[in-house]
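Numbering (my numbering), first residue to last: 127 to 214. Cβ coordinates follow ideal geometry from the N, Cα and C atoms, glycine included. Nothing here was measured: the structure is a model prediction, and the numbers come from that model. Here is the structure we will look at, set down as structure tokens.
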Amino acid sequence: MHVRGARLGDRGALLPELQQKFSTYLAYALDGQLLEDYPAMSGKPIRFELRTHFAPTQREQQFMDIVTRTILSRRASLFIGSKDERRT
Numbered sequence: 127m128h129v130r131g132a133r134l135g136d137r138g139a140l141l142p143e144l145q146q147k148f149s150t151y152l153a154y155a156l157d158g159q160l161l162e163d164y165p166a167m168s169g170k171p172i173r174f175e176l177r178t179h180f181a182p183t184q185r186e187q188q189f190m191d192i193v194t195r196t197i198l199s200r201r202a203s204l205f206i207g208s209k210d211e212r213r214t
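See the structure below:
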């Protein structure tokens with residue numbers, strides 16, 4: 127998921143863009159379209175990844191906490207890490 131190579135900032139100017147991207151991906155993955163397009167994925171865990179260039183600001187972290195709770199409530203997982211951090 128890519129939301130420009132800039133900080134979102136305390137004012138949250140880019141948070142609506144990030145929110146829209148999360149909403150789109152969540153709906154695709156969790157509302158059945160993913161399994162319709164890729165039936166072989168049935169029963170496999172869903173993991174979202176967000177790679178960042180900068181540490182989140184307080185406002186960004188609050189948003190990510192809400193997203194994390196939403197994703198976990200749908201039995202999926204979320205990884206948030208730097209763009210250079212290795213995947214596990």
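Name the DSSP beta bridge partners of residue i, please?
| i | result |
| --- | --- |
| D173 | It should be noted that the sequence gives Arg, not Asp, for residue 173. In the DSSP output, where bridge partners are listed per residue, R173 has S203. |
| S208 | T178 |
Is residue i near the ligand MG, in the sense that its beta carbon is under 7 Å from a heavy atom of that ligand?
| i | result |
| --- | --- |
| K147 | The ligand MG is not part of this structure, which contains no ligands at all. |
Which residue marks the beginning of the alpha helix (DSSP H) containing residue i, and which one marks its end?
| i | result |
| --- | --- |
| A166 | Neither: A166 is in no alpha helix (DSSP H) and is coded neither H nor E. |
| T150 | 141-156 |
Do you know how far the Cα of residue j is from the Cα of residue i?
| i | j | result |
| --- | --- | --- |
| G207 | D163 | 28 Å |
| H179 | M190 | 15 Å |
| V193 | M167 | 23 Å |
| L141 | R177 | 15 Å |
| Q187 | L160 | 27 Å |
| G158 | R195 | 20 Å |
What whole-angstrom Cβ distance do residue i and residue j have, given they're in contact under 8 Å?
| i | j | result |
| --- | --- | --- |
| F205 | E175 | 5 Å |
(Q) So, does the segment 180-191 touch the segment 150-164, judging by three or more C-beta pairs under 8 Å? (A) No contact exists between the segment 180-191 and the segment 150-164.
Q.
When you compare the segment 196-204 with the segment 160-172, are there three or more beta-carbon pairs, one atom per stretch, that lie closer than 8 Å?
A. Under the 8 Å Cβ criterion, the segment 196-204 counts as touching the segment 160-172, having at least three qualifying pairs.
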